[in-house]
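Have a look at the structure below, then the notes.
Protein chains: 4
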Amino acid sequence: MANENAQFLRLFGRRIRLGMVGGGFDSIIGETHRIAFQADGLFDLVAGAFSVNAEVSTATGKTLLVADDRNYLDYHEMAELEAARPDPIDAVVIATPPHVHSDVAITFLKCGIHVICEKPLTRTMEQALQLKKTLEDTGRIFVLTHCYSGFPMPRLARDLVASGALGRLRMIDSEFASGGAGVALEPDDLSQRHWRFRPEIAGREGILGEVGTHAYHLIRYVTGRTPSRLSARMQTFVDRREVFDNAYVDLEYPDGAVGRIWSSYVATGNQHGLSFRIFGDKASVEWREEDAEYLRFRPLREPEVLYRAGQEGTSEFVSRSARFRPGHPEGYIMAFANLYTETAFAIGAVKAGRSPEPWLKNLPGIDDGVLGMQMIEGAARSQSAGSSWVTL
Amino acid sequence: MANENAQFLRLFGRRIRLGMVGGGFDSIIGETHRIAFQADGLFDLVAGAFSVNAEVSTATGKTLLVADDRNYLDYHEMAELEAARPDPIDAVVIATPPHVHSDVAITFLKCGIHVICEKPLTRTMEQALQLKKTLEDTGRIFVLTHCYSGFPMPRLARDLVASGALGRLRMIDSEFASGGAGVALEPDDLSQRHWRFRPEIAGREGILGEVGTHAYHLIRYVTGRTPSRLSARMQTFVDRREVFDNAYVDLEYPDGAVGRIWSSYVATGNQHGLSFRIFGDKASVEWREEDAEYLRFRPLREPEVLYRAGQEGTSEFVSRSARFRPGHPEGYIMAFANLYTETAFAIGAVKAGRSPEPWLKNLPGIDDGVLGMQMIEGAARSQSAGSSWVTL
Amino acid sequence: MANENAQFLRLFGRRIRLGMVGGGFDSIIGETHRIAFQADGLFDLVAGAFSVNAEVSTATGKTLLVADDRNYLDYHEMAELEAARPDPIDAVVIATPPHVHSDVAITFLKCGIHVICEKPLTRTMEQALQLKKTLEDTGRIFVLTHCYSGFPMPRLARDLVASGALGRLRMIDSEFASGGAGVALEPDDLSQRHWRFRPEIAGREGILGEVGTHAYHLIRYVTGRTPSRLSARMQTFVDRREVFDNAYVDLEYPDGAVGRIWSSYVATGNQHGLSFRIFGDKASVEWREEDAEYLRFRPLREPEVLYRAGQEGTSEFVSRSARFRPGHPEGYIMAFANLYTETAFAIGAVKAGRSPEPWLKNLPGIDDGVLGMQMIEGAARSQSAGSSWVTL
Amino acid sequence: MANENAQFLRLFGRRIRLGMVGGGFDSIIGETHRIAFQADGLFDLVAGAFSVNAEVSTATGKTLLVADDRNYLDYHEMAELEAARPDPIDAVVIATPPHVHSDVAITFLKCGIHVICEKPLTRTMEQALQLKKTLEDTGRIFVLTHCYSGFPMPRLARDLVASGALGRLRMIDSEFASGGAGVALEPDDLSQRHWRFRPEIAGREGILGEVGTHAYHLIRYVTGRTPSRLSARMQTFVDRREVFDNAYVDLEYPDGAVGRIWSSYVATGNQHGLSFRIFGDKASVEWREEDAEYLRFRPLREPEVLYRAGQEGTSEFVSRSARFRPGHPEGYIMAFANLYTETAFAIGAVKAGRSPEPWLKNLPGIDDGVLGMQMIEGAARSQSAGSSWVTL
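These protein sequences, in sequence, are chains A, B, C and D. First residue of the first sequence? That's 1 in the working numbering, and the numbers climb one at a time after it. First residue of the second sequence? That's 393 in the working numbering, and the numbers climb one at a time after it. First residue of the third sequence? That's 785 in the working numbering, and the numbers climb one at a time after it. First residue of the fourth sequence? That's 1177 in the working numbering, and the numbers climb one at a time after it.
And the structure:
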């Protein structure tokens, strides 16, 4: 990717100026975003409103070397003042809990600022549609950080499906089943609950937003297909927990393919637990994020082929997604960085008056977010109706 | 196991005399049984009616060095004549298609001959219950060859569950999803169809009998639990096929645990595709038959432990199930042989006037068969009712 | 293999009558041989002199249902009396410690009885050459049970090398590095030492005979090449041990290829520890006995191919070596059984007046044994000379 | 690591100003360094002399947004002018071929600038010792980027060895055997040879500098032991190649432990090929960079334990080395970034008047470089003397 990065900087003439809402020092995901957008050297973090806790917010900005006058406490103010500057931020990263995503995003979009937003898109479908409307009105770039689509091997899987190498798809299976202590246990002091376990913030079916939408996006990204019907059954296993901590969503596709998604916080002993297996009538592919470098391709009547990130012979798109020779594990952060760097290229294209579409078509965006919300809503309906099948 | 085999032969004074119904040279499973019961040297095959095709039957018997007067064409005659001999067979192996299992088994049981029977138990629940009745009347030994329960590592998993090492069970997931050309394709000439793809022999939901009951037995064997409700959705993907070739069965247990079984003939690129994962609140275990030597034990907050067949420190039951030092792959046939050898010990116990229960409690039997039939019946009911949940 | 077995029995008219020298109940390897030759049903054990301990010997024979008049205490007597019978044994299995192999083998060969012999061939090169001479004089079949060459995947590796798929071979690396407690520790009571740890029986460099020759044979079997020079360095790590327990042997081949063999009893935590990796200028292959079902083929510029035992598309030789569909682990005993069954076919060919060569060419024999002795002798010379390079 | 980074920035008040010598756009390693030092946000690249090719050098600096007056063509000038500035670089990264390392490093050290240097340390031992001398005189920080010591799992291995969990070490085995097309083939046009294949630049035994020193450092890092004797045999397999492309180095340690290092450019089909296995009398550990997240710990008599980066229960040092929850692959660049970030902390400590030792003790430095040169020199001596054993 080095050459493209260089070309970007030559054309853009500077790094992209980035702001951040949320992602203070008490947030894991904020730090993850920062490592991801810093790695390729195409972004400078120059502004932020990092937390609803003013102390955390200010301290975070100071430490990140944000200038005092751009270290905001309120994102409305931030949007306004940045837009009024001669050197405003080009884009904002939203790393807040999901129930405020739409407010933040709409605020910045209306100020002409591109948005990079954590998933799930919003808390409600109404918010999602409102955000989509604003986006259409403003014509800004909107990237939803379904970060796993930045790994080289799911991208190779996507190429293989598109090329027909799997034949006609039949079964599409996916899991995002974690089970580490951080999600498998409720804290002794319930006031210490992470917001994702609070029904009033994340909803009872918040597990589908937190991890389910990642799996759902990933199989849609790889297969290019969206289910038309689903059935969901969800359970709460942990004592005193008030949200679902295990969810099975069964899927049907318009063309007759079927699928399943298993989302869990209580898959004890699992680590990250994100994977997919896709079966066609000619071959299948399997990918597990825990061993993200490998893609297993299994054709009928022939031995398994073990692709590895960085190998020769893949498309330019896949090849560019790996920075190193095969054998050097790319890892999670380079996958995430791919999303950022491709977003940079899209922003650069807009600035240069070119279409950002060549980059956006490979990046998760507003429609992915809306479809994710639709899946969550459908699952909630199905669950309420005794796991009956519902149309999406 | 060597010492126990020696002890058995010393006490029994000879090898067990075995007959076989079905399992002619045109049958893969017949040969598999023979390797399995020959390996430990506790059985002699001395009689058989190997095929409905008289030519195949006779040739098979001749080649297997069965004496001409015990190389039968009809299993009724075989049962009668054997029972009348001074040196009758002790037990019969039934390796026919399932729709004749009950007739054959009942015939031999009534002649006082122990039965080792292929799965699924029967074609219909009615047959299953009739067979169970006969068994209770005759007091003979009946072993159902759910052969995968003979592998050392599922047995270790069973010990771990029973010991409480997994804590309270929550999710019980299993697959028997094959996809080799032999099951993934229909033959050009439909008259060449294997009986398992003939609806009139195996039933439309025959896939559940063929592979589904193996997975179902295995998780019941390991967890000691039987589901109380299920929902099934089954598909037929292959053109011109008249039976289901993919089946998802979702399960609920009386204590709130949930589970899934995926059975398939069209998991293209999969090989054998039998596996289970069991999650408790303290740990989980995973086993895949394709890498049958290993059991992965994953406790909360601690690193994964990779058990291997033959290692020190397991129970006498598990330890005896592996013949070799760890690192020497035991393989499928030794698992199958475990079932036969334990059956021999049970037969020896009966002959010696002792209870065979210490052996039978670890062997799949009539109740496992009936519960398997119940699962198939339940799945058929659910499928007919739009995948609704049904009580078992 | 079922069809060939049937054909063999039809032609031979009966099972092969087998005798055994050594392999009593206090021997692991004896039981392993018995499972291996029983599995396919082509052999009957009808005679034996199972131990130098008369009590063990007799009890073993009785339990194995050997007739009293063929349950010998002395192998000379056994050879003579068997040869004089109308129904003599066709072949004898030698499962004694190596220092008596040549005496036993020569005794039976001279009586016209085929020999199946444990490795290493003999204790000394002199014995080895004397045995070779006798074999040439008698024209009997001699199979050395380097059992790992019976696994399907090393046989596929052999095909791949022969086909040129690896290109010109460069590096040939092999290991047989065990580390279980059984070999890693000396017993508290030294009189309980297994003979393999007694310098007076196995020699100080006995490790090379015990495990080194297996690795050496395997790479010779797969590559079809024999080294011309070696350098050895051997260590004794365990307190009070009087033989080497770790050995590195570096190799050079006449065509410029190089290699290494690592043999160990103290590779703590390793299980069986047998593996090879062979690198050519076009591709490499890797096989590990612990995961014996797989062969990893790695071509330059292309992704790794993961062959699995039983898959389609291999030669008739490889295909016949796997009894089951891919995914059903064949395991150690089926590999060992392959050697026995192919030996049966060779014996059948001799009896029918045909050449046994089509079978013998794939079976380890006298020349492999002599070359193994040569390697041991060379390593001892090198070690004495400060690990200098010596010519074989 | 987030908290420590924040603390660093709070104390240091700004990012560390970094210069770079070498690492232009025609260099893979330059880009790798940049991603690594950018990721955690503790460094700003503000100056450089990126290439001996003036055009490449200037273009690289421009694109990397280096100010024109700090975009140098000559590193002597760069050192002088930087030292004279009020805002000089704090440290310089040396990413040139090894034969100029010492000149560059000495130049900057004499100007009071810390040095972060690619391996191998230098081209000759004389250069190495001269550099060491300068370093002692100047008291600056010197970090040698043996980047693999930044991975969490080798660090856990180091803890395990130090804790005695492996017992007394016996065998220490390591490999850095690559075989991708980039190193396995000579270019058609020999003038296009990478410098590492030019004997006049890298030496005939340059392979030991390029990859051998990485393996050598890694096992020294993990075991805390340095060999006292070695024997080397090196080959050149590729036509027209003038340097060794395969090297075996056998090692002896003062305490009786033994070891081997295999370095290769022609391990066809291997990818990165860096690994180690260390055997003690109580347990062994294995690590492979290609699956860098895992460390396999294998105790005697107990099942294997599979550690994964990010898991609970490790030391603060290991825990800090992983940024994410287990299951999120850290990857190569985070390992490399660990070295940079710990270097930042060391530089911060110096600036604050504290000892940098707590950081430096875990970072590869000048002594590691000198010992690596000593190994190369020893191997060259051994090779010249027919692979005889030489003292280090």
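All C-beta atoms in this analysis are idealised placements derived from N, C-alpha and C, irrespective of residue type, glycine included.
Listed in chain order, the positions of the segment 1087-1102 of chain C with a beta carbon within less than 8 Å of a beta carbon of chain A are Pro1087, Glu1088, Val1089, Leu1090, Tyr1091, Arg1092, Gln1095, Glu1096 and Gly1097. Residues of the segment 264-292 of chain A with a C-beta atom less than 7 Å from some C-beta of chain C do not occur. Residue range Glu708 to Arg712 is occupied by the alpha helix (DSSP H) that includes Arg712 of chain B. In the three-state reduction of the DSSP assignment, Val285 of chain A falls in the strand class, which pools E and B. Buried is the label assigned to Thr268 of chain A, since at least 16 other Cβ atoms lie within 10 Å of its Cβ. Identification of chain A residues near Arg1085 of chain C by a Cβ-Cβ cut-off of 9 Å yields Gln311, Glu312 and Gly313, ordered along the chain. Under DSSP, the beta-bridge partners assigned to Gln1411 of chain D are D:Asn1422. Taking the Cα of Leu456 of chain B as reference, the smallest distance to any Cα among C:Arg798, C:Asp871 and C:Ser841 is reached at C:Arg798.
According to DSSP, Thr391 of chain A shares a beta bridge with A:Arg229. Within the DSSP secondary-structure output, Glu1478 of chain D pairs in no beta bridge. Contact note: Arg632 of chain B does not reach chain C at a C-beta cutoff of 7 Å; the least C-beta distance is about 23 Å. Residue burial annotation: Lys119 of chain A is buried, with at least 16 other C-beta atoms found within 10 angstroms of its C-beta. Among the residues facing chain A, Arg550 of chain B is not included, as its CB has no counterpart in that chain under 8 Å away. Secondary structure at Ala439 of chain B: strand, using DSSP grouped into helix, strand and coil. Check the Cα spacing between Asp1543 of chain D and each of D:Glu1231, D:Val1319 and D:Ala1408: the tightest is with D:Val1319. According to the DSSP assignment, His1001 of chain C belongs to the alpha helix (DSSP H) that extends over Thr997 to Thr1007. Below the 9 Å Cβ cutoff, chain B contributes Pro721, Gly723, Tyr724 and Ile725 as neighbours of Glu1114 of chain C, in chain order. Within the segment 414-430 of chain B, contact with chain C at the beta-carbon level (separation under 7 Å) is assigned to Phe417, Glu423, Arg426, Ile427 and Gln430. Gln1368 of chain D counts as exposed, since fewer than 16 other C-beta atoms from the protein chains shown sit within 10 angstroms of its C-beta.
With a cutoff of 8 Å on beta-carbon distance, Ser382 of chain A and Ser231 of chain A are scored as near each other. Scanning its chain for C-beta atoms nearer than 7 Å, with the 5 sequence neighbours on each side dropped, one finds around Asn1514 of chain D the residues Gly1326 and Ser1497, in chain order. Runs of beta strand (DSSP E) with 3 or more residues, each lying fully within the segment 455-519 of chain B, are found at 483-487 and 506-509, listed in chain order. Within the DSSP bridge table, the entry for Trp262 of chain A names A:Glu175 and A:Tyr248 as partners.
By alpha-carbon distance to Leu1147 of chain C, the top candidate from C:Ala946, C:Cys931 and C:His1056 is C:Cys931. For chain A, the residues of the segment 1210-1244 of chain D that bring a beta carbon within less than 9 Å of one of its beta carbons are Arg1210, Ile1211, Ala1212, Gln1214, Ala1215, Asp1216, Gly1217, Leu1221, Ala1235, Thr1236, Lys1238, Thr1239, Leu1240 and Leu1241, in chain order. When Cβ-Cβ separations below 8 Å define contact, Asn71 of chain A makes no contact with chain B. Counting only Cβ-Cβ distances below 7 Å, Phe716 of chain B has contacts in chain C at Tyr1116, in chain order.
Partner residues in the beta bridge of Tyr307 of chain A, as assigned by DSSP, are A:Leu295.
For Arg532 of chain B, there is no enclosing beta strand (DSSP E), since its DSSP letter is neither H nor E. Nearest Cα to Arg621 of chain B within the set B:Tyr608, B:Asp642, B:Gly601 and B:Glu634: B:Asp642. In the structure shown, Phe716 of chain B falls within a coil segment according to DSSP collapsed to helix, strand and coil.
The DSSP assignment places 1328-1339 and 1357-1360 as complete runs of the alpha helix (DSSP H) inside the segment 1318-1376 of chain D, in order along the chain (cut-off: 4 residues). Going by beta carbons, Tyr640 of chain B and Arg260 of chain A fall inside the 8 Å limit. Flagged as an interface residue toward chain B: Val258 of chain A, by a C-beta distance shorter than 8 Å.
Closer than 8 Å to the CB of Leu793 of chain C there is at least one CB belonging to chain B. Counting only runs of 3 or more residues that sit fully inside the segment 1194-1222 of chain D, no beta strand (DSSP E) segment turns up.
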